[in-house]
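Participant: Structure below; questions to follow.
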Amino acid sequence: MEEEEDSEGEEAVHEDDDYQPMEEEEAEDDNEEEDVDNRKRRAKRRNATGGVDDGDEDSDDDDVKPVLVKHKKEERMELQEERTQVTGEGEAVTRDSVGALAFKRGGAQRTKEERAERLREVLGRPALALIPEAGDATEADVPAKAGGKGGKAGQVLFREKHRHWIGEANQKDAQGRSRDDPAYDPSTLFIPRKDLEGMNTFQRQYWEIKKQHWDKIIFCRNGVFWELYEKDAEISHRLLDIKLADPGAMGMLTAGVFENAFDPYAAKLIALGYKVVKVEQMQANTKSSEKKNRPKDQARTNFIQLQVTRILSPGTLVDDIYIDDERAIYLLAVKEKWEPSGDSELPSYGVCFVDTATGEVNVGQFQDDRDRTQFETLLLQIKPREILYEKEGPTALCSPQTLQLIKRNVNQPTLTRRRPGDQFWNASTTADFLAGADYFAGGDREWPPVLSQLLKDHREAREGSELCLSAFGGVVSYLKELYLDKEVLAQGRIKTYAGTTFDSPNLVLDSKTIKNLEIFENTVDGKTEGTLLKLMDHCSTPFGKRLFKRWLAMPLKRIHEIEERQNAVEDFNGSEDHSTTLKDAVALNLKGLPDLERIVSRIHAGSSPILTFLSALDAFDLLWNMVSELQPLIGQLRSKRLAFLLTVGKGFPDIAPQLEYFSRAFDRDQAKSEQRLILRPGVDEEFDAAREKVETIEQQLQQHLEDLKEEVGISDMAYATVRNKEYLIEIPRTPKNEAAIKRHKSTFIPINDTKSVGRYWTPTISALFADLEKARTDLERCRLGLFARNQQKFSENHREWSLAVACMAEVDCLHSLAITSSSLGEPVCRPTFVEAKEAFFEAEEMRHPCISPKIGDEFIPNTLRVGHPHQPLILLTGPNMGGKSTLLRETCVLAIIAQVGCFVPAASCRLSPVDRIFTRIGANDNIMAGQSTFMIELQETASILQHATPASLVILDELGRGTATFDGYSIAYAVLEHLSRKVGCRTLFSTHYHMLTDEVVRNPHIALKHMSCHIDDDRKEVTFLYKVADGVCPKSYGMNVARMAGVNEEIVASAEKIAQKFEGELAIDLQLMETENSATADDDDSSDATTHGAAVGDDEVEAKSEAVGADEKARVEEIAHLLREEEEKGVAGRMAAFARLVGLWTQATQ
1 MEEEEDSEGE EAVHEDDDYQ PMEEEEAEDD NEEEDVDNRK RRAKRRNATG GVDDGDEDSD
61 DDDVKPVLVK HKKEERMELQ EERTQVTGEG EAVTRDSVGA LAFKRGGAQR TKEERAERLR
121 EVLGRPALAL IPEAGDATEA DVPAKAGGKG GKAGQVLFRE KHRHWIGEAN QKDAQGRSRD
181 DPAYDPSTLF IPRKDLEGMN TFQRQYWEIK KQHWDKIIFC RNGVFWELYE KDAEISHRLL
241 DIKLADPGAM GMLTAGVFEN AFDPYAAKLI ALGYKVVKVE QMQANTKSSE KKNRPKDQAR
301 TNFIQLQVTR ILSPGTLVDD IYIDDERAIY LLAVKEKWEP SGDSELPSYG VCFVDTATGE
361 VNVGQFQDDR DRTQFETLLL QIKPREILYE KEGPTALCSP QTLQLIKRNV NQPTLTRRRP
421 GDQFWNASTT ADFLAGADYF AGGDREWPPV LSQLLKDHRE AREGSELCLS AFGGVVSYLK
481 ELYLDKEVLA QGRIKTYAGT TFDSPNLVLD SKTIKNLEIF ENTVDGKTEG TLLKLMDHCS
541 TPFGKRLFKR WLAMPLKRIH EIEERQNAVE DFNGSEDHST TLKDAVALNL KGLPDLERIV
601 SRIHAGSSPI LTFLSALDAF DLLWNMVSEL QPLIGQLRSK RLAFLLTVGK GFPDIAPQLE
661 YFSRAFDRDQ AKSEQRLILR PGVDEEFDAA REKVETIEQQ LQQHLEDLKE EVGISDMAYA
721 TVRNKEYLIE IPRTPKNEAA IKRHKSTFIP INDTKSVGRY WTPTISALFA DLEKARTDLE
781 RCRLGLFARN QQKFSENHRE WSLAVACMAE VDCLHSLAIT SSSLGEPVCR PTFVEAKEAF
841 FEAEEMRHPC ISPKIGDEFI PNTLRVGHPH QPLILLTGPN MGGKSTLLRE TCVLAIIAQV
901 GCFVPAASCR LSPVDRIFTR IGANDNIMAG QSTFMIELQE TASILQHATP ASLVILDELG
961 RGTATFDGYS IAYAVLEHLS RKVGCRTLFS THYHMLTDEV VRNPHIALKH MSCHIDDDRK
1021 EVTFLYKVAD GVCPKSYGMN VARMAGVNEE IVASAEKIAQ KFEGELAIDL QLMETENSAT
1081 ADDDDSSDAT THGAAVGDDE VEAKSEAVGA DEKARVEEIA HLLREEEEKG VAGRMAAFAR
1141 LVGLWTQATQ
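Next comes the structure, spelled out in structure tokens:
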């Protein structure tokens, strides 16, 4: 009955929302001469293991162990008694067991409003439970004096006493720099030494930690609570609505939550961009000689020390409670340096990005272009949550352009600045540290190959690896501060990031292409709806989804690798029995699997919860059974890669012995229900010996009871447990039994009794029970180490477990490709890849897979042929909204889908592999970087002209529209000429410059096509047919589109008249352009365009003069002079002159 009451009391404490801090001085007596029983009772109550003695006073053990306050019945009863203190006005402030405040005057309860007002007076802020705007109170609102638990009337608040350094206006960093100093470090706080020395022990320890983590939120454990103080309490109240408590004896503003609420609150703060520090109270056993010299506030048998045990940051999360989805969470370190490149300097980057949840580390170094395209591509591929960069005082060693690029491409990243040298190591410091570290113990063979390539003899940085080693050092240094370095690095999963280099074995998709084609995020709200990732990702497992995103970011380029994936798709989607069996087995067994990649990493680090560990064993059992059942089908698979992944001993490791061991070691169902491992006999010798000793003593106790029955002659005596007192001999009170007890008075030691029974011990029981308690302690200590030993046993085969996960991730991705291929609708085909000297792309009846037609509509497919034996460049015209941009995008998307290894939405598709896709689509500016729409157009175009190869695929949508018409026209023409004659890559070029079609009509490398439409002249309506046709569209039909958009008819009519007038006045100039010299560019693919064009003769000028009138003759002669000057400069010069011609002609005719 008493145990039931205890349980109810505990539940009541946890259900109440209010909180008040408990101070150790209340719970413990500082008198070291207290009686032994009371000391043991208190030690047992506060011990972390709930019953193991803390050790005697003279113990020489200096180990530190966590302290958890256990609320036993007697402590709760003390807390439930009202404790009263007197405020300055003589009124009583009371607090019940959970800290709910109530205010009384003369025994009468105040009203709600009166209590709110009184709280405002005492705490300097509104009553939190009563006034919604409590969090708006500022530091200035806090009074200089307030009462508190255990405090005195008129006690000075901590923040008022230390306003000269804690006040926002007075804060300085650890180096004494004020907030307005450009070199101010917001992560540290300066506290005068005399103020630290004047604090009590707890305050001094807390502020020693806080001054080093001023920009972080510190949760400090106090028994079953996590407490926050001062600024952190204010932040947690404002953001999380955690209630503030009265300042207490220390005068510090305090907020707190129960221990089981820490993770949810910490997760919310981390999601808001804060870093969270966990500070544990550690109980240190020290020698008696040390105790004598302690201050009075430390004069107790076991004093408390505060110790940082973990720092949680947005980019280094490892526990499931903090990770919101299956996507990888990356921490990125960036090292930037400008290095010579030809006649100029270009930025070079060393990068290291790590997923701490899986232990995967990537390091790389590359030289970028001025627009930092490769670095921007990396940002879009990994979307880092937190970024480390160097900053020395007020100077960031990363360029402003790099920081702007980060902010523009990553949504609300946490930027963590690090001091060069001690926080962000250089290559030499990194090499020295790794040489002496024990991350890769076990000899040279244990070193990750990547680090062996970067370091000479594991001690010296190789030439050309300095930047990436420094970035790696920045990550290692940061992980050390967060107590994560060993967990992550000891796994040895260190890989090379090669960047978007042209010798890459993959199709390169740069940052512009990823954005323009909406590969991962759409351009509307930045989410995945309508993206290629959303279309193709049908993976069942979290680790499969992470791998598939990497596949999509870096499609394949080698034909045999692409065909292996295509074969796997056919293996899954085939009509044969083995295909059905394979598809059903994979779909059924992979669905619902836990995140094994992260779990294996946690087990290897020794930090996995027991239920997570057991779920991993269940999952591996499931995978092993699936793979075993599929072995008879391996020989029937078309894909050698899929067969390799599913073959035991080749791709998939033989994990049967390990699974057999864990199946034999303990009952998994029992372990789940009890949340602890109970090993079966014969598995662990140490545990077996400890368990056997306990069982032997228990048998001796039972035998002693039987012997006692026979000796004394009392057959109805039995053992009983009362109030946790075990092995009490309980004897019913009868005259016969009383007489027997008297005869054996020396044998029975009275413990307690009731009216009906008496309870006794015997000297033998006393001795055996002491042995039993020691044996149980040894058994419990052994049991506590069981789980750690089983995690270590699991990690002995870490490579095999990781390999099994990697195999299933790839199988999951191949299965996803099969699902995508079967869900694209009809027609769908397997694309054919051909190694060809001259690149080509052919697709019949192709569709854009990400566009879903409206109900009642259907997507109009198109046939496209570009490249050998056809022209490599298509100049595409057509009306506004006619489907030009969609055609350009779907061509690129089709190429990506094909090279990922999937089937494509087309009747047929043949192509040579694409090495890189370039896109110039859309019109937007970049205000942050000070770049106009036209500047961005030219930067993207310059990148294409610089990097495109004959194997590339290029799309340009209305190049030149961001500037004046004739400047844009000239640039568009020049780019067309360069791509068609110099590069020869597959290019789709859409334009509204219809004069371009007249200029390029004789270029044998350019095909003219248009998006067809139907015009109703009577109704002035245009019907888009969305079909590619040969030839040129006569006009863009902008006026028709204006009517469709609802523009006022009067305005449209006026615009039509102006357009007709302008077209008529330009007719003569178009005739000038038609009159070309017969000596045009040679038809033998000559790239020299200087002969393209003809001189304008004086006769033409005279004819033009007569048409215009004598008054304009001088202006036209000026135009003729310009043309003669520019004639010898080739096509580009003639286009520039023509632009000036039209401009002057327009002025002349106004």
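Numbering (my numbering), first residue to last: 1 to 1150.
The beta-carbon is built from N, C-alpha and C at its ideal position, and this holds for glycine as well.
For clarity, every value in this text was computed on a predicted model and none was experimentally measured.
#1: M1039 to H992, Cα distance in whole Å?
#2: So what's K161 in DSSP terms, helix, strand or just coil?
#3: Could you have a look at E345 and say whether DSSP puts it in helix, strand or coil?
#4: Could you name the residues of the same chain whose beta carbon sits closer than 7 Å to that of Q423, not counting the 5 residues immediately before and after it, in chain order?
#5: Since E386 is in the beta strand (DSSP E), which residue starts that stretch and which ends it?
#6: Taking DSSP as the reference, what is the three-state secondary structure of N589?
#7: Assess contact between the stretch 537 to 546 and the stretch 409 to 421, defined as three or more Cβ pairs (one per stretch) separated by less than 8 Å. Is contact present?
#8: Enumerate in chain order the residues of its own chain whose CB-to-CB distance from L1025 is below 6 Å, with the five nearest sequence positions on each side excluded.
#9: CB-CB under 6 Å to C220, same chain, minus the five flanking residues each way: which ones, in chain order?
#10: Buried or exposed for Q566, please, with buried defined as at least 16 other CB atoms from any protein chain shown within 10 angstroms of its CB.
#11: Any idea what DSSP makes of H815, helix, strand or coil?
#12: Return the chain-ordered ranges of every alpha helix (DSSP H) run that is complete within the stretch 685 to 729 and spans a minimum of 4 residues.
#13: Suppose the cutoff is 6 Å on Cβ atoms and the five residues either side in sequence are ignored; what does the same chain contact list for Q205 look like?
#14: Going by Cα to Cα distance, which pick from V893, F841 and P879 is closest to A951?
#15: Can you find the residues in the same chain that come closer than 6 Å, C-beta to C-beta, to L622, ignoring five residues on each side of it along the sequence?
#16: Would you mind sorting W338 into buried or exposed? The rule is 16 or more other CB atoms within 10 Å of its CB.
#17: Measure the Cβ-Cβ separation of W165 and P186 and say whether it is below 8 Å.
#18: Measure from the alpha carbon of E826 to the alpha carbon of each residue in I678, R789 and S908, then state which is nearest.
#19: With H, G and I counted as helix, E and B as strand and the rest as coil, what does DSSP make of F934?
#20: Out of R910, L814, V488 and D716, state which residue places its alpha-carbon closest to the alpha-carbon of T832.
#21: Can you confirm whether the stretch 815 to 824 touches the stretch 717 to 728 when touching is taken to mean that 3 or more C-beta pairs between the two stretches lie within less than 8 Å?
#22: Would a C-beta distance cut-off of 8 Å place I603 and S795 closer than the cut-off?
#23: For S511 versus T373, is the C-beta spacing smaller than 8 Å?
#24: Can you find a CB in chain B that lies within less than 8 Å of the CB of A616?
#25: Does DSSP put C807 in a helix, a strand or coil?
#26: Determine the closest residue to Q381 out of C468, G464, P879 and L509, with distance taken between C-alpha atoms.
#27: Which residues does DSSP list as the beta-bridge partners of A437?
#28: For N880 and Y1037, I'd like the C-alpha separation in whole angstroms.
#29: Quick one: Cα of G1168 to Cα of Q899, how far?
#30: Can you tell which of L988, D319 and Y973 has its C-alpha closest to the C-alpha of G606?
#31: Would you kindly check if the distance between the Cβ of Q367 and the Cβ of S399 is under 8 Å?
#32: If you draw a straight line from the alpha carbon of L633 to that of E597, how long is it in whole angstroms?
#33: From P905 to L824, what distance separates their C-alpha atoms?
#34: List in chain order: all unbroken alpha helix (DSSP H) runs of 4+ residues lying wholly within the stretch 477 to 534.
#35: Measure the beta-carbon distance from V811 to L646 and round it to whole angstroms, keeping in mind my assumption that it falls under 8 Å.
#36: Taking buried to mean at least 16 other C-beta atoms within 10 Å of its own C-beta, is H162 buried or exposed?
Facilitator: According to the structure shown:
#1: Going from the Cα of M1039 to the Cα of H992 covers about 14 Å.
#2: K161: helix per DSSP, three-state reduction.
#3: Reduced to three states, the DSSP call for E345 is strand.
#4: Contacts found: S477.
#5: Residues E386 to E392.
#6: When DSSP states are grouped into helix, strand and coil, N589 belongs to the helix group.
#7: At 8 Å Cβ cutoff, the stretches do not touch.
#8: Counting only Cβ-Cβ distances below 6 Å, and skipping sequence neighbours, we find S1012 and C1013.
#9: Within the same chain, C220 has close Cβ partners E227 and V279.
#10: The residue in question, Q566, is buried, as its Cβ has 16 or more Cβ neighbours within 10 Å.
#11: Residue state for H815 is assigned as helix, using DSSP reduced to three classes.
#12: Listed in chain order, they are 685 to 712.
#13: The answer, listed in chain order, is L306.
#14: When V893, F841 and P879 are compared, the shortest CA-CA separation from A951 is found for F841.
#15: Same-chain partners within the cutoff: N589.
#16: Answer is exposed; the Cβ neighbour count stays below 16.
#17: No; because the gap between Cβ atoms is not below 8 Å, this pair is not in contact.
#18: Considering only alpha carbons, the answer is S908.
#19: Assignment of F934 by DSSP, reduced to helix, strand and coil, places it in the helix class.
#20: Looking at the Cα atoms, R910 is the closest of the given residues.
#21: The answer is no - the stretch 815 to 824 does not touch the stretch 717 to 728, with fewer than three Cβ pairs under 8 Å.
#22: Contact flag set, yes.
#23: Yes, Cβ-Cβ distance for S511 and T373 is below 8 Å.
#24: Chain labels in this structure do not include chain B; a single protein chain is all it has.
#25: Note: C807 maps to helix in three-state DSSP.
#26: Per the Cα distances, L509.
#27: As DSSP reads the structure, A437 sits in no beta bridge.
#28: N880 and Y1037: Cα-Cα distance of roughly 7 Å.
#29: In the structure displayed, the chain extends from 1 to 1150; residue 1168 sits before or after that span and is not available.
#30: Out of L988, D319 and Y973, D319 has the C-alpha closest to the C-alpha of G606.
#31: 8 Å or more divides the Cβ of S399 from the Cβ of Q367.
#32: One Cα belongs to L633, the other to E597, and the distance between them is close to 27 Å.
#33: The C-alpha of L824 is placed about 6 Å away from the C-alpha of P905.
#34: Within the stretch 477 to 534, the complete alpha helix (DSSP H) runs of at least 4 residues are 485 to 489 and 511 to 516.
#35: Going by Cβ atoms, the distance from V811 to L646 rounds to 7 Å, so yes, they are a contact pair.
#36: Label assigned to H162: buried.
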